[in-house]
Amino acid sequence: TLTGEARSGDDEGNNFDPNNRQYFGFANYDVDRKHILPWHVLKHEPASDTYLSQQLNPGDTVIHLDDATGWQNAGLPHQRTLAWYGYTNNQGDTYDDYTYTRNVDFRPDTGAWAAGAVDQHANTITLIEPWSGQTIAAGTAVRNATSGSTFNYAALAGTVPDTWTTFDAVLTGEGTASPTQFRPGTAFIKPIILTNRQPAGGPTNQIQW
1 TLTGEARSGD DEGNNFDPNN RQYFGFANYD VDRKHILPWH VLKHEPASDT
51 YLSQQLNPGD TVIHLDDATG WQNAGLPHQR TLAWYGYTNN QGDTYDDYTY
101 TRNVDFRPDT GAWAAGAVDQ HANTITLIEP WSGQTIAAGT AVRNATSGST
151 FNYAALAGTV PDTWTTFDAV LTGEGTASPT QFRPGTAFIK PIILTNRQPA
201 GGPTNQIQW
């Protein structure tokens, strides 16, 4: 269980913004103590998890898939991210396909491919620039990955009132559907608190934990 107590404002009832925004949760780390970020585990829905139908070589401009159904062909750049599987940690353990990988072409400003670059009839994707990564064999599991929340805001993502309040969450299971779940690949966690994330220009908010 993750538990904490917090209060906004001071003893005189001042320094309180009723629209304050606070976050309380945890960060996920793998066995090598590497931070597990959203694009290491998340899939853009409703993209199909699939496989390369042809080897991807340095200099190639097109990815060939078994099935490009649902792969993002518009949207935000971070939604056009390529992840491939078979990632092995420093202990020599390889993670199952479609769970956790650090093999990701994540380009938050441009995407790995441009809007309109997915041909769902030919099951191909034209890359935004020639492939400069490692050779990836045909048959390798691949996913249309995406971004999301940096941390799991399991106990709080909202307002803290001007009275002492307990915030808690029971952390259980592995997955990405709930902020109370550990992300795939998690071996360690670290509690995190992000304070006073409300837009600038409002009243001052004092926060105590």
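Oh and the sequence shown: position 121 is 121 in the UniProt record's numbering, straight run, nothing missing. Positions of the beta carbon are idealized from the N, C-alpha and C atoms, including for glycine. These numbers come from a predicted model, not from an experiment.
Asked	Found
Span of the beta strand (DSSP E) holding N15?	Note, N15: premise wrong, no beta strand (DSSP E); not H, not E.
How is Q206 classed by DSSP in three states: helix, strand or coil?	coil
Which full runs of the beta strand (DSSP E) of 3+ residues lie inside the stretch 140-166, going along the chain?	141-145, 152-158
Within the same chain, show all residues whose beta-carbon is closer than 8 Å to that of T146, passing over the 5 residues directly before and after it, in chain order.	P38, W39, L42, K43, H44, Q72, H78, Q79, T81
Below 8 Å between beta carbons: does that hold for Y23 and T140?	no
What runs of the alpha helix (DSSP H), each 4 residues or longer, lie entirely inside the stretch 39-117?	none
Taking residue 251 as the reference, which of F26, G148, T176 has the closest Cα?	In the structure displayed, the chain extends from 1 to 209; residue 251 sits before or after that span and is not available.
Quick one: what does DSSP say T176 is sitting in, helix, strand or coil?	coil
Quick check: the Cα distance between D162 and Q181, rounded to an integer number of angstroms?	29 Å
Tell me whether G111 is buried or exposed, calling it buried when 16 or more other Cβ atoms sit within 10 Å of its Cβ.	buried
Can you list, in chain order, the residues of its chain with a C-beta nearer than 7 Å to that of T126? Leave out the 5 residues immediately preceding and following it.	T61, V62, W113, A117
Does K34 come out as helix, strand or coil in the three-state DSSP assignment?	coil
Within 10 angstroms of the Cβ of P184, are there 16 or more other Cβ atoms? Answer buried if so, exposed if not.	buried
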